[in-house]
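The opening position of the sequence shown corresponds to residue 1066 in this note's numbering, with each subsequent residue numbered one higher.
Scroll down for the structure; my scribbles are underneath it.
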Amino acid sequence: QVQLVESGGGLVQPGGSLRLSCVTSGIWFNIYTMGWYRQAPGKQRELVATITGGTRTNYADSVKGRFSISRDNAKNTLYLQMNSLQSEDTAVYYCNAALPGQTSYWGQGTQVTVSS
1066 QVQLVESGGG LVQPGGSLRL SCVTSGIWFN IYTMGWYRQA PGKQRELVAT ITGGTRTNYA
1126 DSVKGRFSIS RDNAKNTLYL QMNSLQSEDT AVYYCNAALP GQTSYWGQGT QVTVSS
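Structure follows, in structure tokens:
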């Protein structure tokens, strides 16, 4: 059974930082392209960042220079370090595991709220 479990969300003031984690099981983590997506109220889910098995990264323009995606293949865990958080970053953040031509897997999401 495939499981992706996010954690690390919460309430943070503007300019603050959070680190999200996504622990996976049931997949060969090393070969999957992993990603973070987010969905704000009333908006579509959007890409935040992805990282391939070879650790090539890709970021949405809105988070470049502020967010950093990483993975620990030994722990089957994906991370998202978020710095200089802004109110516009408020959303539910989802972890995704994907392979070309294969089923894509999603976590249940973790809420990030940036507010003073």
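Yeah, the Cβ is synthetic: ideal placement off N, Cα and C, and Gly gets one too.
The three-state secondary structure of residue 1180, taken from DSSP, is coil. Pairing residue 1151 with residue 1132 gives a Cβ-Cβ distance that is not under 8 Å. Remark: C-beta atoms of residue 1097 and residue 1113 do not approach each other more closely than 8 Å.
Looking only at 1072, 1116, 1154, the smallest Cα-Cα distance to residue 1163 is reached by 1116. Comparing C-alpha distances from residue 1149 to each of 1130, 1134, 1119 shows the shortest one belongs to 1130. By the C-beta density criterion, residue 1089 is buried, having at least 16 other C-beta atoms within 10 angstroms.
Distance from residue 1142 to residue 1105 at the Cβ level is roughly 25 Å; contact not present, criterion being Cβ atoms closer than 8 Å. Per DSSP, reduced to three states, the secondary structure at residue 1152 is helical.
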